[in-house]
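Visitor: In case it helps, this note's numbering puts the first sequence at residues 22 to 140. Note that beta-carbon positions come from the ideal geometry of N, C-alpha and C, so glycine has one too.
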Amino acid sequence: MNKVYRLKSSKSFEYIHKHGKSYANTNLVLIVAPTKFNLKVGFSVSKKLGKAVVRNKVKRRLREGFRLLIPYLNTHFNYMIIARQNAAKCDYHELLSSVKHLLLKANLVENKQDFNNIV
RNA sequence: CGAGUUGACCAGAUAAUCGCAUUUAUAUGAGGAAAGUCCGAGCAUCACAGAGCAGGACGCUGGCUAAUUACCAGUGAAGGCGACUUCAAGGAAAGUGCAACAGAAAUAUACCGCAUUAUUUAUAAUGUAAGGGUGGAACGGCGUAGGUAAAAGCUCACCACACCCAAGGCGACUUGGGUGGUUAUGUAAACCCCGUCCGAUGCAAGAGACAAUGACAUUACGGCUGCUCGCCGGUCAGACAAUCGCUUGAGGUUAUUGGCAACAAUAAUCCUAGACAGAUGAUUAUCUAAUACAGAACUCGGCUUAUAGGUCAAUCUCACCAU
RNA sequence: GGCCUGUUGGUCAAGCGGUUAAGACGCAGCCCUCUCACGGCUGAAUCGGGAGUUCGAUUCUCCCACGGGUCA
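1. Can you give the Cα-Cα distance for Lys126 and Lys68, rounded to whole angstroms?
2. Determine, using beta carbons only, whether Leu60 and Leu83 come nearer to each other than 8 Å.
3. Does the contact criterion of 3 or more C-beta pairs under 8 Å hold for the stretch 90 to 110 versus the stretch 49 to 57?
4. Provide the residue span of the beta strand (DSSP E) that contains Lys110, from first to last.
5. Have a look at His114 and Lys39 and give me their C-alpha separation to the nearest angstrom.
6. Could you give the DSSP three-state label for Gly41: helix, strand or coil?
7. Which residues bound the alpha helix (DSSP H) around Gly71?
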């Protein structure tokens, strides 16, 4: 995933956390906040999930999954995804489907038919 | 065939599609421990790193190294039938402290006992560490030995200890011989003494720019640690931002030589991550025993800890069987 | 990335190397009472794990594990 789409400063993380709307399931939490600029994403994986190897793996899988979904999303929002403890046990496909589930729940998908076909 | 000991190695590979980091692009892209941060250095700033006190670390010998107490080889001690393993291993006669309970007595000692003498005949004085019981430790141990009133290194043999001599070894030390009857336990990982070493802070160190402007201030304040001295400098905000530091290094690989080894020398050859919300993932196929522990953040040398499944070595050890 | 600090019944905790490891709250059992409460008695700890020093470690030293704090 390109650097353009990344959230960087801790200020913007705080802003999303305060002003955004949150949606959750057993594996992940999604927080969204509207923005004037382009779409950006941040991933938060805390030390609760495990050691460095586990955390990196979860982050990489989330990044790969989200990369495929970007073209179908509403571009005027900032996204923040927090991994819960259950996410450490999931494989790639389970994580992808739970990301899709949350995005549909938040009603931010534009072309729903193509979106559902992504594997 | 069974049970062990020690040392070493591997840590998935190939192909396709999409994606990430460095990069103009090709190309390249986590480990044996990248981990713990337990030691030692480089490097940077403070003065080209200074003095004293305090404080800390280490302590058998020789070697190696940029450096170390931590690496290598030995010595000694302890453990194991053995291969082998473990050890912060100077000084207790410089001084101080501590040694609960038990025991007559714990660093100086006579409770019971055994003898002799005296008389009041069951007491006292004297001698005595062989016997008793306590304890981790009780004038070194032990004996069909001598000796004695009873005993005792009082004498003798052997062992232990101290000192001296000889031989071997660079040395720690070892082996052998002789002399001495031997005023005294343990603890220094208690304080301490002796010897050796250590200035402080760590890349969030720091460097040069952008950058004006504002605030404080000259026997002040700060740098620089616990204290004293000495030395140097105006300081802070702006400034949790960007660039550099950042990867060619006491480097790796191979070969030869020296060395038991750690390691060193010579030659050839290679350049092999450099991020800053922080790069290695997803899918498919084939092979396979491959499903472990685990993710670089300035860089090296050692130590420690975690680790699936497997491979190899030692003319290794023990037990059983056969000859 | 660096530097400090802690771990003792279920919880909060004291503990100068030495007798059976104080205490409080809670829990369980017994006594007291017609019953409950109050009160009294009793019980539950290999001192985070593993080595070492010592005659003897909760205490001293080393190596691990898991917490907490701090530095721009």
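Guide: Per the coordinate set shown:
1. 27 Å
2. no
3. yes
4. Element bounds for Lys110: n/a, residue is neither H nor E.
5. 30 Å
6. coil
7. Gly71 -> no alpha helix (DSSP H), and no H or E assigned at all.
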